[in-house]
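**Student:** As given, the protein sequences belong to chains A and E, one line each in that order. For what it's worth, numbering that gives the first Met the number 0 labels the leading residue of the first sequence as 0, then goes sequentially. For what it's worth, numbering that gives the first Met the number 0 labels the leading residue of the second sequence as 0, then goes sequentially. The structure follows.
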Amino acid sequence: MSARVAILTGAAGGVGRAVAERFARDGWSLVLVDTADVVHQVAAEVDASAEGRVVGAVADITKAENLDPIENALREIGQPLKFLGLIAGVLQEVGPITTLDMNEWDRVMNVNLRANVLMIQRFVPPLKESGGGAIVTVSSWFGRSGHGLFAAYCASKAGLISLTQSAAAELADDNIRVNSVAPGNVATRMHFAALQEEADNRGVSFESMKKTEWDKIPLRRAAEPAEIAAAIAFLAGPDGAYLTGATIDVNGGVLFT
Amino acid sequence: MSAKTKGGAVVTGAARGIGRQIAEGLVADGYGVVIADLDPTTGEATARALTEAGATEAIFVKVDVTDRATIKAAIEACRLRFGSLNVMINNAGFNKPEPFLEITEKTWRAILEVNSLGVLVGIQEAGKAMIADGIKGKIINTASIAGRTGFPDFAAYSVSKAAVISLTQAAARALAPKGITVNAFAPGVVATPLWEQLDKDLYAMGASAAPGEAMSSLASQILLGRVADPKDVVGTVKFLWSEQSDYMTGQVLVIDGGMVLQ
Ligand SMILES: NC(=O)c1ccc[n+]([C@@H]2O[C@H](COP(=O)([O-])OP(=O)(O)OC[C@H]3O[C@@H](n4cnc5c(N)ncnc54)[C@H](O)[C@@H]3O)[C@@H](O)[C@H]2O)c1
Ligand SMILES: NC(=O)c1ccc[n+]([C@@H]2O[C@H](COP(=O)([O-])OP(=O)(O)OC[C@H]3O[C@@H](n4cnc5c(N)ncnc54)[C@H](O)[C@@H]3O)[C@@H](O)[C@H]2O)c1
Numbered sequence: 000m001s002a003r004v005a006i007l008t009g010a011a012g013g014v015g016r017a018v019a020e021r022f023a024r025d026g027w028s029l030v031l032v033d034t035a036d037v038v039h040q041v042a043a044e045v046d047a048s049a050e051g052r053v054v055g056a057v058a059d060i061t062k063a064e065n066l067d068p069i070e071n072a073l074r075e076i077g078q079p080l081k082f083l084g085l086i087a088g089v090l091q092e093v094g095p096i097t098t099l100d101m102n103e104w105d106r107v108m109n110v111n112l113r114a115n116v117l118m119i120q121r122f123v124p125p126l127k128e129s130g131g132g133a134i135v136t137v138s139s140w141f142g143r144s145g146h147g148l149f150a151a152y153c154a155s156k157a158g159l160i161s162l163t164q165s166a167a168a169e170l171a172d173d174n175i176r177v178n179s180v181a182p183g184n185v186a187t188r189m190h191f192a193a194l195q196e197e198a199d200n201r202g203v204s205f206e207s208m209k210k211t212e213w214d215k216i217p218l219r220r221a222a223e224p225a226e227i228a229a230a231i232a233f234l235a236g237p238d239g240a241y242l243t244g245a246t247i248d249v250n251g252g253v254l255f256t
Numbered sequence: 000m001s002a003k004t005k006g007g008a009v010v011t012g013a014a015r016g017i018g019r020q021i022a023e024g025l026v027a028d029g030y031g032v033v034i035a036d037l038d039p040t041t042g043e044a045t046a047r048a049l050t051e052a053g054a055t056e057a058i059f060v061k062v063d064v065t066d067r068a069t070i071k072a073a074i075e076a077c078r079l080r081f082g083s084l085n086v087m088i089n090n091a092g093f094n095k096p097e098p099f100l101e102i103t104e105k106t107w108r109a110i111l112e113v114n115s116l117g118v119l120v121g122i123q124e125a126g127k128a129m130i131a132d133g134i135k136g137k138i139i140n141t142a143s144i145a146g147r148t149g150f151p152d153f154a155a156y157s158v159s160k161a162a163v164i165s166l167t168q169a170a171a172r173a174l175a176p177k178g179i180t181v182n183a184f185a186p187g188v189v190a191t192p193l194w195e196q197l198d199k200d201l202y203a204m205g206a207s208a209a210p211g212e213a214m215s216s217l218a219s220q221i222l223l224g225r226v227a228d229p230k231d232v233v234g235t236v237k238f239l240w241s242e243q244s245d246y247m248t249g250q251v252l253v254i255d256g257g258m259v260l261q
């Protein structure tokens with residue numbers, strides 16, 4: 000496979016890191032983006048096992064003027080950009096709409112929605128320059144329908160699925176395919192923190208909260224981050240070449256769409 | 000055939016079209032494959048061609064998916080020849096367009112019998128064989144974008160494919176405790192003999208102005224700008240039969256080049 004670069008946001012997170020490892024194994028060079036400095040360490044660790052180059056870039060992607068380090072890293076690698084993995088996301092503070100702090104609403108929308116528009120605006124031109132490629136957003140099963148106490152998160156992820164479809168329609172002629180992966184529960188920090196918060200709210204133990212939630216999943220477990228990465232790799236590769244505007248639900252059967 | 004296989008697969012409606020392409024992909028991936036089809040002439044020829052080209056073997060078994068005994072026989076042949084049934088692809092199906100107000104009971108029953116009942120029986124018999132052998136298998140059903148939205152001239156077909164989606168979901172719940180996953184893929188417009196016939200039927204009905212028009216007018220509604228070749232859907236089905244999709248069950252993967260955006 001010839002040299003090619005993927006930009007991955009949220010690369011210091013549970014899913015992002017698994018995607019980085021998978022893509023490195025598949026021979027990609029990577030720009031790993033996160034607000035957390037630890038992304039440089041992730042880049043160093045992933046690099047060790049890769050044929051391509053892996054470079055970290057610290058950026059808060061909610062502001063256009065913050066994206067320069069990503070572009071610099073891309074230039075430093077000097078290979079064609081063929082993939083944009085929009086993985087970064089935040090969970091909201093759990094709570095009812097009636098008392099939802101609008102700063103919290105804005106924070107969630109900025110990361111889960113606005114940042115992805117900014118990333119598309121900035122990195123579609125280099126994708127076009129390299130003759131096209133693929134974009135995958137990471138939405139959520141919470142974007143497939145609304146859930147009480149998660150209004151901002153659900154709306155942001157539903158919006159992201161819609162954004163994915165609009166981008167697919169606009170970019171098909173440029174040979175850029177745009178799809179989404181909607182995970183169910185994934186065994187990452189985000190999921191375990193959400194379980195802990197819910198357990199505290201209900202005054203039950205973490206283990207019993209976990210059992211309550213996992214019993215709702217036909218496959219009776221959360222996904223390994225690598226299983227989300229597998230679907231993203233499929234969409235990025237030749238086997239996914241006829242897919243655009245699609246959302247793949249990797250959720251253990253917790254929701255049928 | 001002494002080549003080691005990853006196990007066995009049964010593909011219904013695999014004599015030609017999408018099913019044949021899937022069977023070819025399974026052979027290339029190291030599965031022994033049973034071509035389960037109504038049409039022995041084409042089916043035998045397909046089995047021979049795939050065996051010659053591939054590392055493993057394809058055998059033909061005559062099956063009418065509406066006849067449980069024949070599906071059972073195909074699955075038995077798969078277990079005997081390849082050791083187990085690991086992948087079941089319920090793909091046989093057909094369409095016969097009729098204007099909505101003129102749909103006959105005969106057409107309705109014929110389409111639902113093959114496209115829906117045939118899938119139920121295929122899932123049931125595959126599930127029983129997998130459970131008996133302790134196989135955490137993959138069952139994959141061919142739905143359609145017509146199962147997601149109704150088309151006026153294909154009402155019975157749309158219903159039959161919506162039923163495939165419901166069966167996929169019910170079976171996913173029923174078989175998850177056994178470690179068996181059940182998913183579907185929903186093609187858009189694929190250039191196969193099915194569509195050639197459909198195009199002729201639509202022209203004869205007066206639903207299109209010229210031969211070939213029904214199909215080509217649909218191409219303009221596809222973001223990727225062309226109808227699919229059967230090869231275009233195989234990558235998606237392969238993802239579903241591979242361990243890469245182990246955390247997916249009860250899902251429908253729309254593989255339509257960007258038509259319905261769901
Ligand atoms: N974990 C789950 O159960 C689950 C379920 C469904 C969907 N998801 C989605 O999967 C994606 C990855 O989640 P995860 O579980 O790996 O979470 P995570 O919290 O482990 O990782 C998210 C990463 O995004 C980074 N990030 C946040 N805001 C950023 C910003 N403004 N700029 C750059 N980076 C930023 C964080 O620093 C973090 O490293 C998210 O979009 C999440 O919504 C997760
Ligand atoms: N071609 C398309 O545009 C398209 C789109 C969406 C879904 N599909 C679905 O894909 C599947 C395959 O379609 P195709 O386009 O390859 O069609 P096709 O007509 O080319 O092939 C169908 C095969 O199924 C066999 N078959 C029919 N009835 C059978 C029965 N009762 N028992 C066993 N075998 C039987 C036929 O002999 C034939 O070999 C069907 O379920 C169809 O509804 C096709």
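No residue lacks a Cβ here, since even glycine has one placed at the ideal position from N, Cα and C.
1) Under 9 Å between C-beta atoms, does A/T246 make it to chain E?
2) Does the beta carbon of E/Q243 sit closer than 9 Å to a beta carbon anywhere in chain A?
3) I'd like to know if E/V9 contacts chain A, where contact means its C-beta is closer than 9 Å to some C-beta of that chain.
4) In the DSSP assignment, what are the bridge partners of A/V57?
5) Using the rule of at least 16 other Cβ atoms within 10 Å of the residue's Cβ for burial, across every protein chain shown, is E/A208 buried or exposed?
6) List the endpoints of the continuous alpha helix (DSSP H) containing A/A72.
7) Is there a Cβ of chain A sitting closer than 9 Å to that of E/M0, yes or no?
8) Under the rule that 16 or more other beta-carbon atoms within 10 Å means buried, what is E/Q168, buried or exposed?
9) Count the other C-beta atoms from every protein chain shown that fall within 10 angstroms of the C-beta of A/H190, then say buried if there are 16 or more, exposed otherwise.
10) Taking DSSP's pairing of strands, which residues face A/R176 in a bridge?
11) What does the alpha-carbon distance come out to for the pair A/R16 and E/Q196?
12) Please list, in chain order, the chain A residues whose beta carbon lies closer than 8 Å to that of E/Y202.
13) Check whether the segment 156-173 of chain E touches the segment 48-59 of chain E, counting contact only when three or more Cβ pairs, one atom from each stretch, lie closer than 8 Å.
14) Along the alpha helix (DSSP H) that carries A/F205, what are the first and last residues, could you check?
15) With a 10 Å radius around its C-beta and 16 neighbouring C-beta atoms as the bar for buried, classify E/M0 as buried or exposed.
16) Just to confirm, is the Cβ distance from E/V188 to E/L222 under 9 Å?
17) Do E/A48 and ligand 2 come close, with the Cβ less than 8 Å from some heavy atom?
18) Go ahead and label A/T163 buried or exposed: buried means 16 or more other beta carbons lie within 10 angstroms of its beta carbon, across all protein chains shown.
19) Within a Cβ cutoff of 6 Å, which residues of the same chain sit near E/K237, ignoring the five residues on either side of it in sequence?
20) When you compare the CB of A/E212 with every CB in chain E, is at least one pair closer than 9 Å?
21) Of the residues E/F150, E/D231, E/L239 and E/R78, which one's Cα is nearest the Cα of E/E97?
22) Let me see if you follow: with CB-CB separation under 9 Å, is E/V232 close to chain A or not?
23) What does DSSP give as the partner residue(s) for A/S28 in the beta ladder?
24) Quick check: does the Cβ of E/Q196 come within less than 8 Å of any heavy atom belonging to ligand 2?
25) Going along the segment 147-174 of chain A in order, which residues come within less than 8 Å of chain E, judged by CB to CB distance?
26) Any C-beta of chain A within less than 7 Å: which residues of the segment 170-187 of chain E qualify?
27) Within 9 Å (strictly less), CB to CB, does E/G42 reach chain A?
28) Following the continuous beta strand (DSSP E) through E/N85, name the residue where it begins and the one where it ends.
29) Between the Cα of A/A157 and the Cα atoms of A/T187, A/A198 and A/M108, which residue gives the shortest distance?
30) Indicate the three-state DSSP secondary structure (helix, strand or coil) for A/A222 in the structure shown.
31) Can you name, in chain order, every residue of its own chain whose Cβ lies under 6 Å from the Cβ of E/C77, other than the five neighbours on each side?
32) Which residues in chain E have a C-beta closer than 7 Å to the C-beta of A/P224? List them in chain order.
33) Measuring only the C-alpha atoms, how far is A/A171 from A/L29?
34) Quick check on A/F255: does DSSP put it in helix, strand or coil?
35) Near A/V137, which residues of its chain fall below 6 Å by C-beta distance, leaving aside the five closest residues on each side in sequence?
**Tutor:** Let's see:
1) yes
2) yes
3) no
4) In the DSSP secondary-structure assignment, A/V57 is bridged to A/D33.
5) Taking all protein chains shown into account, E/A208 has fewer than 16 neighbouring C-beta atoms within 10 Å of its C-beta and is therefore exposed.
6) D67 to I76
7) With a pLDDT of 43 at E/M0, under the threshold of 50, the modelled position of this residue cannot be trusted; read the value that follows with caution. No, no contact with chain A.
8) That one is buried.
9) buried
10) A/A133
11) Here the alpha carbons of E/Q196 and A/R16 stand approximately 49 Å from one another.
12) Under the 8 Å cutoff, chain A gives no residues; its nearest Cβ is about 26 Å from E/Y202.
13) no
14) F205 to W213
15) Note that E/M0 scores a pLDDT of 43, beneath 50, so its modelled location is shaky; the value from the coordinates is reported in the next line. Looking at its Cβ environment, which holds fewer than 16 other Cβ atoms inside 10 Å, E/M0 is exposed.
16) The answer is no: Cβ separation not under 9 Å.
17) Checking every heavy atom of ligand 2 against the Cβ of E/A48, none is found closer than 8 Å.
18) buried
19) Only residues of its own chain outside the window of five on either side were considered, and among them G24 have a CB closer than 6 Å to the CB of E/K237, listed in chain order.
20) no
21) Comparing C-alpha distances from E/E97 to each of E/F150, E/D231, E/L239 and E/R78 shows the shortest one belongs to E/F150.
22) yes
23) Partner residues in the beta bridge of A/S28, as assigned by DSSP, are A/V4.
24) yes
25) Q164, A167, A168, A171 and D172
26) Taking 7 Å as the Cβ-Cβ cut-off, the segment 170-187 of chain E approaches chain A at A171, R172 and A175, given in chain order.
27) no
28) L84 to N89 is the span of the beta strand (DSSP E), which, as asked, contains E/N85.
29) It is A/M108.
30) strand
31) Close CB contacts of E/C77 within its chain, under the 6 Å cut and outside five residues either way in sequence, are with G7, V9, V33 and L84 (chain order).
32) The premise fails here: A/P224 is roughly 11 Å from chain E at the closest Cβ pair, so nothing lies under 7 Å.
33) 24 Å
34) In the three-state DSSP reduction, A/F255 falls in the coil class, being neither helix nor strand.
35) Its chain contains I86 and V180 as the residues whose beta carbon lies nearer than 6 Å to that of A/V137, once the 5 sequence neighbours on both sides are disregarded; these appear in chain order.
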